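Peer 1:
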Amino acid sequence: MSPGVPLTGSPNARSVARSAEESWLSPWGPSGAPPGRPARARRQLPFRNEWAPWSGWSQCSRSCGGGASVRTRTCITRNPVGGLCSGDPRQYKICNTKECPPGSEDFRQMQCAAFNDRPVVAGNSFRWTTFHGGPGPWGLSCLALGHNFYYNFGLVLDGTPCGQEPGALCVRGRCLKPGCDSILGSEQQEDVCMVCGGHNTTCLLHRSVYQSTGLEAGGPFGYNEVAMIPAGATHIRVTDNSRNYLALQNGRAQFLINGNWKISIPGEYSVAGTKLLYRRSADTWESFEVPGPTQEDLHLMVLATDRNSGIEYEYWLPPDQYALHHGRRSPLRQAHHTASYFPWNQPTSPPTTTTSRPAPNTPRPHWCKSFLVLPLALKPQRTRALARAPSNMEGILSGFSGNFSQLLEIQQTEQIPLCCQ
């Protein structure tokens, strides 16, 4: 080795090499500026840490009943001092939401049964069933059959129902509800126009109040049409606070709720390709709620047993549908038509109507298609002769005590066929 060349690894050698390199990079030396001028600050490269693209979605954790699928992404570190990427490296979505066939094993129970006859507790084997008294819904707590203890096997599989909130699923020890975009933990919601993440700007509101100042021409006992709700309507809401009963028909004049003088039980019904929630209180309040969108026209009716104090209804329509049915006037309008009919054709004064749909024409066969629903406590003695249907419903009910509302409200009923005159 030459005596004048310093060792490569010595501090002196590194200093000499760095000085030579900087002098070569800038003709004016390491300052980067000619003599007599201020040195320029070194430019920081604008590199930021950023996410790589998402991976594909994993296989769903369940084949039915609503499972979870996951995708991941990696933070690409370009600037060590730039901090971590903001956001979650994992994203979950709900999948395979179709209901499982009847009789399918519970998903949580299936996970407990996977440890049957395996020596997992102090070398002993047991048979296990679901235990719901564990520390949290995200833990797989299983009860040993025939024993008075349970064991926690860790976290449940992703996609297991939490049990705390309807629709929430367990994911990595958290209970998450899906947004309208199916992403678990998302805060995206549908607006009244049924647009995910929308701002209620793609549809118009129609709100009306149906009122009648007196009893209809045919008497208090009859079905009166309140409004036709067009197909495509969303967020339908109808409320009534009287002794009358709301009713609903489809576009083929078939009753869906409270038809043919029979009062339906409050609950959820399948209507026009969507769900209808029918609520009725113990006094006089009742309502229809339909999220929509409806796939056919619906005809809102009222079964009149008393004077009408006002039926409030509202729904939302896309602008083109709104213009077709309501013109281009203000979205808030009053009820615009009334129509009445009865199960039997009776000579009555024609009702006032401005709708294009005529009042239903019920044929008068030899035997009435409808039945009179009477409570067991008020039904007449059974005889071989059938009751004759008089010209109006008041005559039918004249032999019974109590009011018409009580007749309709009774759950234990008997259908008596009526022979038409």
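For the sequence shown, full-length UniProt numbering begins at 1 and goes up steadily by one.
Quick reminder that beta carbons are idealized off the backbone N, C-alpha and C, glycines included.
Bear in mind that the values here come from a model prediction, so they are computed numbers and not experimental data.
1. Return the CA-CA distance between residue 251 and residue 288, expressed in angstroms with no decimal places.
2. Excluding five sequence neighbours on each side, which residues of the same chain lie with their C-beta closer than 7 Å to the C-beta of residue 3?
3. Could you check the C-alpha separation between residue 400 and residue 111 for me, to the nearest Å?
4. Below 7 Å CB to CB, which residues in the same chain sit around residue 171 once its five sequence neighbours on both sides are set aside?
5. Any chance you could list the beta strand (DSSP E) runs of at least 3 consecutive residues sitting entirely within the segment 198-283, in chain order?
6. Could you give the distance in angstroms between the alpha-carbon of residue 204 and the alpha-carbon of residue 318?
7. With residue 115 and residue 153 assumed to form a contact (beta carbons below 8 Å), what rounded beta-carbon distance in angstroms separates them?
8. Just grab the DSSP bridge partners of residue 301 for me.
9. In terms of residues, what are the limits of the beta strand (DSSP E) holding residue 324?
10. Let me know the secondary structure DSSP gives residue 288 once reduced to three states.
11. Which residue wins for smallest C-alpha separation from residue 294, given the options 312, 147, 141, 232?
12. Look at the alpha carbon of residue 118 and the alpha carbon of residue 165, and state the distance between them as a whole number of angstroms.
13. Roughly how many whole angstroms lie between the Cα atoms of residue 301 and residue 240?
14. Give me, in chain order, the residues of the same chain whose beta-carbon lies closer than 6 Å to that of residue 85; leave out the 5 immediate sequence neighbours on both sides.
15. Let me confirm a value: residue 94 is counted as buried when at least 16 other C-beta atoms fall within 10 Å, else exposed. Which label applies?
16. Going by alpha carbons, who is nearest to residue 433 out of 283, 210, 315?
17. For residue 144, which of 190, 131, 59, 61 has the nearest alpha-carbon?
18. Which first and last residues belong to the alpha helix (DSSP H) in which residue 108 is found?
19. Rounding to the nearest angstrom, what Cα-Cα distance links residue 236 and residue 242 in this structure?
20. Quick one: Cα of residue 361 to Cα of residue 291, how far?
21. Compute the Euclidean distance between the alpha carbons of residue 179 and residue 306, then round it to the nearest angstrom.
22. Under a three-way DSSP split, which group does residue 153 fall into?
23. Would residue 224 pass as a contact of residue 245 if the rule is Cβ separation under 8 Å?
24. Only counting the same chain, and skipping five residues up and downstream in sequence, which positions put a Cβ closer than 6 Å to that of residue 423?
25. Using the C-alpha atoms, what's the distance from residue 190 back to residue 129?
26. Nearest-angstrom Cα distance between residue 277 and residue 87?
27. Rounded to whole angstroms, what's the CA-CA distance from residue 371 to residue 260? Just pull it up for me.
28. How big is the Cα-Cα spacing for residue 311 and residue 196?
29. Short of 8 Å in beta carbon distance, which residues of its chain neighbour residue 56, apart from the five on each side in sequence? Order them along the chain.
30. When you compare each of 198, 238, 181 to residue 208 by their alpha carbons, which one comes out closest?
31. In the DSSP assignment, find the beta strand (DSSP E) that holds residue 61 and state where it starts and stops.
32. For the putative contact between residue 247 and residue 303, defined by C-beta atoms under 8 Å, what is the C-beta separation to the nearest angstrom?
Peer 2: According to the structure shown:
1. 17 Å
2. Because residue 3 sits at a pLDDT of 46, beneath the cut-off of 50, its placement in the model cannot be relied upon, and the point is left open.
3. Low confidence applies to residue 400: its pLDDT is 38, below 50, so where it sits in the model is not reliable enough to give any reading.
4. 68, 92, 158, 184
5. 204-210, 222-229, 234-241, 245-250, 255-257, 267-271, 274-280
6. 6 Å
7. 6 Å
8. 225, 247
9. Counting along the chain, residue 324 falls outside any beta strand (DSSP E), though it belongs to the alpha helix (DSSP H) covering 319-326.
10. strand
11. 232
12. 33 Å
13. 11 Å
14. 49, 51, 75
15. buried
16. In this structure the chain extends from 1 to 421, so residue 433 is not present and cannot be described.
17. 131
18. 107-113
19. 20 Å
20. Because residue 361 carries a pLDDT of 37, less than 50, the predicted location of this residue cannot be relied on, and no value is offered for it.
21. 44 Å
22. strand
23. no
24. With the chain covering 1 to 421 only, the question about residue 423 has no answer from this structure.
25. 39 Å
26. 39 Å
27. Any answer about residue 371 is weak, because its pLDDT of 36 lies below 50 and its placement is not dependable; what the coordinates show is given next. Going by the C-alpha atoms only, they are around 7 Å apart.
28. 30 Å
29. 71
30. 238
31. Counting along the chain, residue 61 falls outside any beta strand (DSSP E), and DSSP gives it neither H nor E.
32. 5 Å
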